[in-house]
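*Asks:* Before anything else, here's the structure in question.
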Amino acid sequence: MQRFARVCVGLLPVFMLSACVSYPSDGYYDSRRARDYTGLDDGYNRPREAPPSRHTKRRPVVPPPTYEEPTVNPLPEYGEPSHAPEPLDTKPPTEADNQTAPESTTEPHVFEPLAANESPPVATATPPKQRKPRAVTSPGVLALIQQAQAQAKAGDADKAVATLERALRIEPQNPWIWHRLAVIRLQQEQWQQTIDLASKSNSFSGDDPDLLYRNWRVIGMALEKVGDSAGAERAMLRSQQYRERATSSQTL
Amino acid sequence: MPPKKTTQRNSQRSLAKPRTLPSYLIHIIIILTIGLAGWVVWLDYNVQAKFAGARWALPARVYARPLELYAGIKLRRSDLLTELDSLGYQSVPTLTGPGQYQASATSVNFITRGFAFWDGAEPSRVLRASFNNQQLTAISDSQHQTIPLIRVEPQEIAKIYPQHHQDRILVKIREVPKMLIKALVVTEDRSFYQHFGVDPKAIARAVITNIRAGSIRQGGSTLTQQLVKNFFLSHERTAWRKINEAIMALLLEFHYSKDEILEAYLNEIYLGQDNERAIHGFGLAAQFYFGRPLQELAPHHLALLVGLARGASYYDPRRHPDRALQRRNRILATLVSLAALSEADGQRYAKEPLGVTPQPQSLSRFPAFMDLVHRQLVHDYREEDLRSIGLQIFTSLDPSAQFTAEHALSQRLAGLEKQRGLPADTLEGSVVVTAADTGEVLALVGGRNPHYAGFNRVLDAKRPIGSLVKPAIYLTALADPKQYHMLTPLKDMPIRMKIKNGKSWNPANYDGKPHGWVPMYSALAHSYNLATVDLGMQIGIDRIQKMLHTLGVEETLPEYPSILLGSLDLAPLSVAQMYQTFASGGFYTALKTIREVLTADGKPLKRYGLAVEQVVNSGPVFLLNYMLTKVTSMGTARALATNLPSAMPLAGKTGTTNDLRDSWFVGFGSDRLGVVWVGRDDNQPAGFSGANGAMQVWLDMMRERPPAPISLNAPEGVSWYWINTVGKRTDQDCVGVTRFPFINVSSVPEYQACDQSGNILEAPAGGTSNDGVGKPSPQQLQELF
């Protein structure tokens, strides 16, 4: 038996040669046959722009939407897109940012300019009583928002998005989280998502002119990029109106 | 072993008489040597191919959402304990390591195991969670530092198995308890670290023992040989196989280190059977028998697992606890005799019970949810890869929401059958719960027996949705704010419509009565059919179809007017998708179950990020949702207001189909949306309206953890006005006023003052007839407001 082993050991140079041969698959699972999904996905987590048509295209529920446009430039540094006139959303949301406007406000908040023949709104009712403030920022959510900010600064937009999504699971109607998602998508040049996310943020922003100003500006920038310059102009105008309101409410 | 002896004899002869050897013999020897060399090369080729490549086909592992803990989360102490128990945490008097907890009346101390999430590792930590009756109030670490947020490791909820149903959790030799290796080596192969693949002494010993006993009692196989046998060879006991085994063992030892071989052994060895599933390796065996990771096992647990290597079914601790105990204690005694374990410890561990958990449920616990996960996965991955490359799939399933939904459905259906004297098990149902703004599916119940992996009613039972269609019609109207607002009067009067084939369609109300002129919000709240047909015919079927598709309905829709009353068949998941768009304020988000997919070693492959698409303006959706809160406060679902007072306002809609065949309910707050269908598989009348059947299930489910109220903060461009009892704008301090949101300022009704005591000053002129001709009279509206 031992001698037999020695014979085998004597043949070892032959085995070693054999080690250089490429191996057959032996019916067992072989990772080299597996499809390379990393290549397929063209970079991890790069959602693409949504197709423009909403009503004609049948949307598959399964799988989650994958978008058509794969041309996304590398992620710019977190901070200001070059064409922006001033820092965008540099202010981290503090508790004060997210406090709801006093519920007893009597200020009318109809911002659409009225037509000449229309009578101005009178006796606007106060919003119905709310049990919860609109955006309760818990320490957990604040920690996540800060983490997302750090991740975005480090150029890791995918992780920043995932962190913001975690925050949304805790506070799904916090408009600041949606706003931040919109800003990241803007930096990723995903214009349509930017518009949708900023609009989503607007839908929760209630009477917060500062946030409305920021969202409309983000929307304006994205509309400009998709070639809707008239829409972009309107959005920027709105943004400007809110900005004035925001500054005037600060001085009051 | 006759063939081996022949070989030896041949070589002896050739050495003894080299000169007398005839030349043909030399040729034969040369040919034999070349043949043998070729064969060995071939074996070597196989050994290396197998060892260098992916050694095992690994099932895909599917995880539930990780529980996020933070101060203020609506999580009771019992909820955390349930989560920890499901993760196999042990309740202990003193915390000593990961996977342990210690519960008091108001707090839980525990040590997490840590988990490598794709976006960063969550380290193992010592934590203290404090609770009051409703929620977690604080979470801190061992230094009493407050922690803002922590992710507990996720529960594994399912696996997608390779075809041969082998299952394993790979372990690394460095992470394996030293005691396991000691116990394994002393039990199976004491000279493992000395021999070169085969152990002649052990073979000799085995041969003597077997000759004395007259039968095969003992094997002389080394761990390497056992590995080779399992890895490469069939289980037949032939001499030829033995030779191959020995050669391959030698080859393996030549190419690889002892640790590499041992690690492969630890992962390969067969240690049990769970119905179809074969339990391989110590990593999985630890989970299978003790519900915990291998690293957390004590020496007596490890001894039990080592004992199984010799005969997993003979020593099965669940079926043959006595044998298993004996074998375990014999191994402990051996360890003591070789000084690998102190005598005191040996005696102490030998007194321990087996400590084996009950047989885990071998079927997937959440087949209906997994069905949807799988359908979403096969879009991006090949079936073969799902079953073999060990993908890690992170889903949105909330086990607590899932169990609540399963329980609510099965209990309530049994209760309804009892209450109505129906034969048992005739009613069926399905439930889907989603996160309102992100579209993540939190729970999915495909039938009243949640473990039955058959017909998935949430995905495949397409039934008429009845009045659930109405919000889409009202939204189509509200999206045209110049024409419609919440107070727009609708005609709830009998109507006869000519349809194709010369037939006529005579819709009727649920209560059989017409209600004259009714404001839009009231028509929806009470689900009046005639008023809805009136509105639908004003708008046009095509626009309503378009709206349904916009909202996310994918099924092809019929074109006849009865679609207005919901004679269109949708699966509950489609209904959820449609209402999701309402719940998220007009933003479409595809319902999803998968958050991310990672490779076996934790590298991210794909993330299914949140994408929203505004498909309807926020203003009209806000008005619609406000109307849906009227359904639950004053309409067909008003039982919600009495049953969940603290959660109001909530939005909801009931649905009932002809002859009470289908009972539907959809309800949502600002955080969660739930769709329930109740009916019969044979499509016979079940006997329940939406409120009597499905809504009861929904209530049972939501009472457990009430949804957050709907936000009534009007979006941009929507303003609230006070409306008096006759439908005129007035002041807040007048009598009987109600707030309504308006988009279009010019459609707000004209102003009407009230006197100092709050009564209306002057009644505006109006008709008094109730014949359906002309606009409604103040008296009529008064009844309705």
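In the order they appear, the protein sequences are chains A and B.
Counting from 1, position 100 in the first sequence corresponds to residue 100 in my numbering; the numbering is continuous, with no gaps.
To convert, count from 1 in the second sequence and add 1000; that's my numbering.
Even for Gly, the Cβ is constructed at its ideal location relative to N, Cα and C.
For A:T163 and chain B, any beta-carbon pair shorter than 8 Å?
*Replies:* It does: the Cβ of A:T163 has a partner Cβ on chain B nearer than 8 Å.
*Asks:* Residues of chain B with CB under 9 Å from A:Q240, in chain order?
*Replies:* Ordered by position in chain B, no residue passes the 9 Å Cβ test against A:Q240, which lies about 15 Å from the chain.
*Asks:* Using a Cβ cut-off of 9 Å, pull out every chain A residue sitting near B:P1715, in sequence order please.
*Replies:* N202, S203, F204, S205, G206, listed in chain order.
*Asks:* What did DSSP end up calling B:L1032 once you bin it into helix, strand or coil?
*Replies:* Helix.
*Asks:* Which residues, in order along the region 1067 to 1084 of chain B, keep a beta-carbon less than 9 Å from a beta-carbon of chain A?
*Replies:* Against chain A - using a Cβ distance shorter than 9 Å - the residues of the region 1067 to 1084 of chain B are E1068, L1069, Y1070, A1071, G1072, I1073.
*Asks:* Below 8 Å on the Cβ atoms is my contact criterion, and I expect B:Q1402 with B:A1443 to pass it. Report the Cβ-Cβ distance as a whole number of Å.
*Replies:* Indeed, because the Cβ distance is near 4 Å, the residues count as touching under 8 Å.
*Asks:* So, does the CB of B:R1061 fall closer than 8 Å to a CB anywhere in chain A?
*Replies:* It does not: the Cβ of B:R1061 has no partner Cβ on chain A nearer than 8 Å.
*Asks:* To the nearest angstrom, how far is the alpha carbon of B:L1087 from that of A:A162?
*Replies:* So the two alpha carbons sit approximately 24 Å from each other.
*Asks:* Give the secondary structure of A:E224 by DSSP, where H, G and I count as helix, E and B as strand, and everything else as coil.
*Replies:* If DSSP states are grouped into helix, strand and coil, A:E224 belongs with the helices.
*Asks:* What distance in whole Å lies between the Cβ atoms of B:M1547 and B:A1472, which are believed to be in contact at a cut-off of 8 Å?
*Replies:* Contact flag correct, Cβ pair sits at about 5 Å.
*Asks:* Assign B:S1719 to buried or exposed, taking buried as 16 or more other Cβ atoms, counted over all protein chains shown, within 10 Å of its Cβ.
*Replies:* Its Cβ being crowded by 16 or more others within 10 Å, B:S1719 is buried.
*Asks:* By Cβ distance, which residues of its chain are closer than 7 Å to B:T1629, with the 5 residues on each side in sequence left out?
*Replies:* Cβ within range, chain order: P1649, L1650, A1651, I1710.
*Asks:* Could you spell out the range, first to last residue, of the beta strand (DSSP E) harbouring B:E1596?
*Replies:* Element bounds for B:E1596: 1594 to 1598.
*Asks:* Would you mind working out which of B:N1625, B:I1261, B:W1722, B:L1297 sits nearest B:S1584, comparing C-alpha positions?
*Replies:* When each option's Cα is compared against that of B:S1584, the closest is B:N1625.
*Asks:* If you scan the region 1282 to 1357 of chain B from start to end, which runs of the alpha helix (DSSP H) of 4 or more residues do you find wholly inside it?
*Replies:* With a minimum length of 4 residues, the continuous alpha helix (DSSP H) runs that stay inside the region 1282 to 1357 of chain B are 1299 to 1308, 1321 to 1337, 1343 to 1351.
*Asks:* Taking CB distances under 8 Å as the criterion, tell me whether B:E1613 reaches chain A.
*Replies:* Taking Cβ atoms only, chain A reaches closer than 8 Å to B:E1613, which makes this a yes.
*Asks:* Kindly indicate which three-state DSSP category B:H1027 falls into: helix, strand or coil?
*Replies:* In this structure, B:H1027 counts as helix in the three-state DSSP scheme.
*Asks:* Using three-state DSSP, classify B:Y1588 as helix, strand or coil.
*Replies:* Looking at B:Y1588 - three-state DSSP - the assignment turns out to be strand.
*Asks:* Contact between the region 1670 to 1681 of chain B and the region 1412 to 1428 of chain B: three or more CB pairs below 8 Å?
*Replies:* As far as the Cβ criterion goes, the region 1670 to 1681 of chain B touches the region 1412 to 1428 of chain B, which means the pair count is three or higher.
*Asks:* When the distance is taken between beta carbons, is B:R1277 closer than 8 Å to B:H1451?
*Replies:* Cβ distance not < 8 Å, so B:H1451 and B:R1277 don't count as in contact.
*Asks:* Taking DSSP as the reference, what is the three-state secondary structure of B:Q1392?
*Replies:* Correct three-state label for B:Q1392: strand.
*Asks:* By how many angstroms is the C-alpha of B:A1340 removed from the C-alpha of B:R1190?
*Replies:* If you take the alpha carbons of B:R1190 and B:A1340, they lie about 13 Å apart.
*Asks:* Evaluate B:D1371 with the Cβ neighbour count: other Cβ atoms within 10 Å of its Cβ, from every protein chain shown; 16 or more gives buried, anything less gives exposed.
*Replies:* Looking at its Cβ environment, which holds 16 or more other Cβ atoms inside 10 Å, B:D1371 is buried.
*Asks:* According to DSSP, is A:A246 part of a helix, a strand, or is it coil?
*Replies:* The answer is helix: DSSP assigns A:A246 an H, G or I state.
*Asks:* Please state whether the Cβ-Cβ distance between B:V1433 and B:G1446 is less than 8 Å.
*Replies:* Result no, Cβ atoms of B:V1433 and B:G1446 do not sit closer than 8 Å.
*Asks:* What does the alpha-carbon distance come out to for the pair B:I1393 and B:A1060?
*Replies:* So the alpha carbons of these two residues sit roughly 7 Å apart.
*Asks:* Please tell me whether A:R166 has its Cβ less than 8 Å away from any Cβ of chain B.
*Replies:* Interface residue, yes.
*Asks:* Please compile the residues from chain A whose C-beta is within a distance smaller than 9 Å of the C-beta of B:R1292.
*Replies:* Neighbours of B:R1292 on chain A: none; closest Cβ ~27 Å, over 9 Å.
*Asks:* Run down chain E in chain order and give the residues with a C-beta less than 9 Å from the C-beta of A:A246.
*Replies:* This model lacks chain E altogether; the protein chains it does include are A and B.
*Asks:* What residues in its chain sit with their C-beta under 7 Å from that of B:Q1048, if we drop five residues either side in the sequence?
*Replies:* For B:Q1048, where only same-chain residues beyond five positions count, the Cβ hits under 7 Å are H1255.
*Asks:* I'd like the list of long-range same chain contacts for B:Y1101, defined as Cβ closer than 7 Å, with 5 residues on each side in sequence excluded.
*Replies:* Only L1084, Y1089, S1091, V1108, N1109, F1110 meet the Cβ criterion.
*Asks:* Do three or more CB pairs link the region 1603 to 1618 of chain B to the region 158 to 178 of chain A at distances below 8 Å?
*Replies:* Yes, they touch.
*Asks:* Identify whether B:F1549 lies in helix, strand or coil by the three-state DSSP scheme.
*Replies:* Checking the sequence, you will find His at residue 1549 of chain B rather than Phe. Helix, per DSSP.
*Asks:* Taking the continuous beta strand (DSSP E) assigned at B:H974, which residues delimit it?
*Replies:* The structure shown does not extend to residue 974 of chain B, since chain B is modelled only from 1001 through 1785, so no value can be given for it.
*Asks:* If I'm right that B:L1332 touches B:A1312 with Cβ under 8 Å, what's the distance once you round it to whole angstroms?
*Replies:* Their Cβ separation, rounded to whole angstroms, is 19 Å, which puts B:L1332 and B:A1312 out of contact at 8 Å.
*Asks:* Assuming B:E1554 and B:S1574 make a contact with CB atoms under 8 Å, what is their CB distance in whole Å?
*Replies:* Their Cβ separation, rounded to whole angstroms, is 7 Å, which keeps B:E1554 and B:S1574 in contact under 8 Å.
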